[in-house]
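Chains A and B are the protein sequences, given in the same order. Heads up: the first sequence at position 238 corresponds to 238 in full-length UniProt numbering, and the numbers run straight through without jumps. Heads up: the second sequence at position 7 corresponds to 7 in full-length UniProt numbering, and the numbers run straight through without jumps. Backbone N, C-alpha and C fix where the C-beta goes; we use that ideal spot for every residue, glycine too. Owing to the predicted nature of the structure, the values given are computational and were not obtained by experimental measurement. Report on the following structure.
Protein chains: 2
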Amino acid sequence: MHHQAKGTRKDRVAIKADEAKVDLIAVVVAVNDIEPCVLTIGQADILPSGPFVLEHRSLQSGLRGWVEQQTGHPLGYIEQLYTFADRDRIGAERQQRAISISYLALTRKEQASGSSKCGWQSWYDYFPWEDHRSGAPPVVLDVLRRRLMEWADAAGDAAKRRERQQRAAIAFGFDDRRWNEELTLQRYELLYEARLVEEASGGQDEAPPAAVSGKAMVADHRRILATGVARLRSKIKYRPVVFELMRPTFTLLQLQRTVEALAGRLLNKPNFRRLVEQQELVEETGDTSVDTGGRPAKLYRFRHAVLDERAIAGTKLPLARA
Amino acid sequence: MHHQAKGTRKDRVAIKADEAKVDLIAVVVAVNDIEPCVLTIGQADILPSGPFVLEHRSLQSGLRGWVEQQTGHPLGYIEQLYTFADRDRIGAERQQRAISISYLALTRKEQASGSSKCGWQSWYDYFPWEDHRSGAPPVVLDVLRRRLMEWADAAGDAAKRRERQQRAAIAFGFDDRRWNEELTLQRYELLYEARLVEEASGGQDEAPPAAVSGKAMVADHRRILATGVARLRSKIKYRPVVFELMRPTFTLLQLQRTVEALAGRLLNKPNFRRLVEQQELVEETGDTSVDTGGRPAKLYRFRHAVLDERAIAGTKLPLARA
DNA sequence: TCCCTTATTGTCAGATCGAATATAATCGGA
DNA sequence: TCCGATTATATTCGATCTGACAATAAGGGA
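What follows is the structure, encoded as structure tokens:
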């Protein structure tokens, strides 16, 4: 659908030469007990992906096809993340554009039919600084903080130094600022800019700290993963998407642990209960769980009716600030 | 970046044949006084767009180029909206995919260098049912309501009828439900599905009501516009993007009118003031406005510092519920 | 039975939000 | 110049929401 108000006709000629290769790429998320996981292939450094071809009915179905073929895992909920235009890729014979359309998908591990080369990897292997469930990880953040300050000090003028310091402080919550779990992407991009992640330092350039900078991924996959994490952390606050990650029935504590795993921070139990219940997101099944010590917990199921009733209105899960 | 875990090599062959044409398309928004406007070309039925070609450094710069060329209007703030894969377009000689990457852009009308064939058109010419600043528009909604109920009744079984009724009621706030201004896209899609907008009824099919179904646009441009409206209505609540639409200095009432124009609903004046001030989004210039009757209003400017300080944290403009 | 663990319910103060009211400043006309 | 119309700005009040903490309930094991 190309409309020209004015301009020359030579564009018409250019169009033929400017076709692009379109890739679909998936951030598939599941949570088991307390770890948020992403589906990977290869050496746990590649996100499932493949080209969008004519056979595909739609972008979504193309994505489902590739993920299922590469990992044997059928997808449920999916949503578009972002579209990147990768730098002119080296097309052997001629210049060509590569477009990557990324998606976020939510499932449960069990749905996997024990297939081949796919693996589930914890988010926090790639982003060790993102898990604040036991407080801010001290070792990791101390190292990163030092390296970030060095990076800031290396800037040209004083204004730039201050700007870098402030950016780092906001993103990572330095100087008794509040940690904001939604800034995952900004944090990764900051570390990239400061060459503190492997992907940024062409090779062993400035040798970033080992266990603190996280596991690297191919190309820009880790950045896409960060985009997915950020999106999901934001979305669980106003849409009932967590339930895509839950078993058909669950206890409220399991639900809470799942949210906490995604958010990377702990919640207040009574308050969590209150909000889930007063929003009527769940209903009791009547059963109780076989639990591990302590009083048995009631089992709940998601009230699918809310999807119709409130249709995307307001469904906020409260994330504690403490 | 195409990674295969397994699968045949024949994909490699397919890739060459499966290149796609990529289009960039822009929803450019400005507000003057009290009307939210979108930048159009043609008979006010086309959004600025053009192919993404090799000359473009990036998607964003490509978009800026096309908009500036077609409308003479430079863009400031832009953000990606959504990527569509249009149904296999009729490529004359061979099958080909068409990908549309849509963007939302915010500017001010004055920045236009009085250029050629472009025009600003009120949102509400395309979506007359979306403007609730003087209450729900009675004529429009009454007609739509009747037509939607007819559509619901035309469904096969009773379950489907009820489901359609409920969807319509939620989207449009029937039966003393609350009007949710963010559901612009759902409402348009519902009307499309019910064939109450011109784009859906192939030609003069079911002749939708004239002034109530709004001005039509080419292809799926009106749907993209609806996506932009919905995104912006959502975003102004948690990011200080309104200021992209304001002059360098403004009164608080002007700011409020702008937000109201976008949201399509009225706000409570003291409360609006309170939130803007307590979030320190603005600072006084010291001047007062030459106004139209009544006490002169202080002039404010946006505190650009908040962009650094809070970096995308929480900046909610309160939209009244009444 | 006591104690430990976890579930579930309840309370309370502070922050927030919506609505309404009160005061201030300017203009235009009597 | 005084008055009222108009708009800006400031303040108050009550309802609701939120976060933090405390209290009670129900099971298992020693």
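- Take G65/A, set aside five residues on each side of it, and the residues of its chain with a beta-carbon closer than 7 Å to its own are H56, in chain order.
- For V139/A, the enclosing alpha helix (DSSP H) begins and ends at 138-153.
- Within 10 angstroms of the beta-carbon of R97/A lie 16 or more other beta-carbons, which makes it buried.
- Counted as a single uninterrupted DSSP element, the beta strand (DSSP E) harbouring S49/A occupies residues 49-51.
- In the displayed model, W120/A falls within a strand according to three-state DSSP.
- Y103/A has A26/A, Q80/A as its beta-bridge partners, per DSSP.
- Looking only at E181/B, R303/B, A263/B, the smallest Cα-Cα distance to T285/B is reached by R303/B.
- A Cβ-Cβ distance of about 7 Å is found for the pair S100/A and T83/A, placing them in contact under the 8 Å criterion.
- Between the alpha carbons of A169/A and E309/B lies a distance of about 10 Å.
- Remark: three or more beta-carbon pairs, one from each stretch, lie closer than 8 Å, so the region 288-304 of chain B and the region 247-258 of chain B are flagged as touching.
- Of the candidates E189/A, V212/A, P51/A, A154/A, the residue whose Cα lies closest to the Cα of P128/A is V212/A.
- Close to chain B, meaning a Cβ-Cβ distance shorter than 8 Å, are the following residues of the region 15-45 of chain A: I15, A17, D18, E19, A20, K21, V22, D23, I25, I41, G42.
- The C-beta separation of Q70/B from I41/B comes to about 6 Å, placing the pair in contact by the 8 Å criterion.
- K235/B sits in a helix when the DSSP states are folded into three classes.
- Residues of chain B whose Cβ lies closer than 7 Å to the Cβ of I236/A do not exist, since the nearest Cβ in that chain is about 15 Å away.
- As DSSP reads the structure, A85/A sits in a beta bridge with I99/A.
- Of the residues L81/B, W120/B, Q121/B, G119/B, the one whose Cα lies closest to the Cα of Y103/B is L81/B.
- Taken in chain order, the members of the region 94-106 of chain B whose beta-carbon sits within less than 9 Å of a beta-carbon on chain A are Q95, Q96, R97, A98, I99, S100, I101.
- By the neighbour-count definition (other C-beta atoms within 10 Å, threshold 16), T292/A is an exposed residue.
- Under a 10 Å Cβ-count criterion, K160/A is classified as exposed, with fewer than 16 other Cβ atoms of the shown protein chains found around its own Cβ.
- At the C-beta level, T184/A and E260/A stay beyond 8 Å of one another.
- Within 7 Å of the CB of D157/A, no CB atom of chain B is found; the nearest one sits about 16 Å away.
- Leaving aside the five residues that flank Q186/A on each side, the residues in its chain whose CB is nearer than 7 Å to its CB run, in chain order, A171.
- Here V139/B is exposed, its C-beta having fewer than 16 other C-beta atoms within 10 Å.
- Closer than 8 Å to the CB of Y126/B there is not a single CB belonging to chain A.
- Under DSSP, the beta-bridge partners assigned to T288/B are K298/B.
- For L59/A, the residues of chain B that pass the 9 Å Cβ criterion are T83, F84, A85, I99, in the order they occur in the chain.
- Apart from the 5 residues on each side of it in sequence, R223/B sits with its Cβ closer than 7 Å to the Cβ of Y188 in its chain, given in chain order.
- Residue pairing by DSSP places V31/A opposite P36/A in a beta bridge.
- Among the residues of chain A, none has a CB under 8 Å from the CB of L141/B; the nearest is roughly 18 Å distant.
- Here Y124/B is buried. Its C-beta has 16 or more other C-beta atoms within 10 Å.
- From the beta-carbon of D308/B, the residues of chain A found nearer than 8 Å are E163, Q166, R167, I170.
- Annotation for R164/B: A152, A155 place their beta carbon closer than 6 Å to its own, counting only its chain and skipping 5 residues before and after.
- Q256/B places its beta carbon less than 8 Å from that of K269/B.
- Nearest CB-CB separation between Q80/B and chain A: below the 8 Å threshold.
- Taking P36/A as the centre and dropping the five residues before and after it, the same chain places the C-beta of W123, A261, L262 closer than 6 Å to its C-beta, in chain order.
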